[in-house]
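Under UniProt numbering, read the sequence shown as residues 1 to 173, first letter to last.
Glycine residues also receive a C-beta, built at the ideal position from the N, C-alpha and C atoms.
All figures in this text were calculated on a predicted structure; none of them were measured in a lab.
Comments concern the structure below.
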Amino acid sequence: MSKGTASSTEGDAMEEEDLRRKQMCYSRRPVRACEGAYFDKKAASVKTAEVMKRVCAAATASLKVREEELQTKDMGCEVLRLNWPNRRSFVQREELRTEGLWRKIATMKTKSMDLRGKIEARTDSHNKEMQRANELMAEQTKKHKAEFASRAKRLTDCEAAKSLKVKYRVKLM
């Protein structure tokens with residue numbers, strides 16, 4: 001049952017009760033029945049008033065709670081509204097900082113590529129120098145070997161000549 005149906009059923013029951021009591025009063029019964037009906041009606045209305053007071057008090061309490069919630073939300077909104085310029089300037093500063101960082105990153109990448117190029121160029125020149133040095137050393141080694149061989153030959157020739165000289169001297173003597 002919905003609330004509307006329950007209240008209308010209660011209202012219908014109360015109307016029927018009122019009609020029955022009125023009929024009792026008109027049926028020339030003793031006055032006490034009418035007085036009782038009056039007091040019953042008054043008691044019912046007092047009861048209804050008490051129920052209505054409770055419902056009203058509950059609704060008032062609910063409204064107060066809701067009003068406090070709304071005030072809290074309003075205060076939060078006011079704080080956000082007041083902080084909005086600060087937040088906006090903070091966001092702008094952060095965006096500028098981010099742009100600056102991206103520029104720095106791009107610059108660093110460019111410098112890194114330049115340095116890699118320089119390192120590669122120096123490595124190539126160093127390798128060429130080392131190759132040239134090795135070639136010169138090989139050439140010098142060949143020259144020294146040839147010179148050493150020629151001197152060794154001259155020395156052996158000299159020694160051979162000396163030994164022949166000594167041999168002939170020994171024979172001559």
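Could you tell me the distance, in whole angstroms, from the CA atom of residue i to the CA atom of residue j?
i, j, result
"Val91", "Arg81", "15 Å"
"Arg132", "Lys171", "57 Å"
"Ser163", "Arg122", "59 Å"
"Lys73", "Arg66", "10 Å"
"Ala57", "Leu63", "10 Å"
"Gly117", "Met130", "20 Å"
"Asp12", "Thr48", "15 Å"
"Glu68", "Lys109", "57 Å"
"Thr141", "Lys153", "18 Å"
"Glu120", "Thr107", "20 Å"
"Ala44", "Glu15", "12 Å"
"Cys77", "Gln71", "10 Å"
"Leu136", "Leu101", "51 Å"
"Lys111", "Ile105", "10 Å"
"Val55", "Asn83", "42 Å"
"Lys145", "Leu155", "15 Å"
"Arg88", "Thr60", "41 Å"
"Leu19", "Val46", "19 Å"
"Glu159", "Glu139", "30 Å"
"Tyr168", "Ala161", "10 Å"
"residue 180", "Pro85", "Outside the shown range of the chain (1 to 173) lies residue 180, about which nothing can therefore be said."
"Glu50", "Glu17", "20 Å"
When DSSP labels each residue in this structure, what does residue i get in the three-state scheme?
i, result
"Phe148", "helix"
"Ser62", "helix"
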